[in-house]
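Notes follow the structure.
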Amino acid sequence: MSEIKICCPKCKWEPDGGEYWQCDCGHIWNTFETIARCPACHKQHEFTACVPHAGGCKSTSPHLDWYEGLDKIIEDLKEEVLENQEVFI
Numbered sequence: 651m652s653e654i655k656i657c658c659p660k661c662k663w664e665p666d667g668g669e670y671w672q673c674d675c676g677h678i679w680n681t682f683e684t685i686a687r688c689p690a691c692h693k694q695h696e697f698t699a700c701v702p703h704a705g706g707c708k709s710t711s712p713h714l715d716w717y718e719g720l721d722k723i724i725e726d727l728k729e730e731v732l733e734n735q736e737v738f739i
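This is the structure:
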């Protein structure tokens, strides 16, 4: 199965694991550890900002767009499901 690479969809900056993202509730954390759900208030964030002071740009993109390789994993899973269905038909 394919691997997922996390990077900004605009500038390709790769997060270094730092806690750069702040929720509306004030909590600061690494958004990629929780797929953009704040661990303090549990708000699910749809968008993620790139971090210029850590080497990124100032762009904001849909959070799921940061995961390169996700489409390939989904396609692989679909193929696996279809193959398994054929076995049972």
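In case it helps, this note's numbering puts the sequence shown at residues 651 to 739.
The beta-carbon is built from N, C-alpha and C at its ideal position, and this holds for glycine as well.
If you're wondering where the values come from, they're calculated on a predicted model, not measured in any experiment.
Between G706 and W663, the beta carbon gap of about 4 Å places them in contact (Cβ cut-off 8 Å). Between the alpha carbons of K693 and T684 lies a gap of roughly 11 Å.
Per the coordinates, the alpha-carbon of L714 lies some 15 Å from the alpha-carbon of C688. If you draw a straight line from the Cα of D726 to the Cα of L720, it comes to about 10 Å.
Taking C-beta atoms as the reference points, I723 and F682 fail to come closer than 8 Å.
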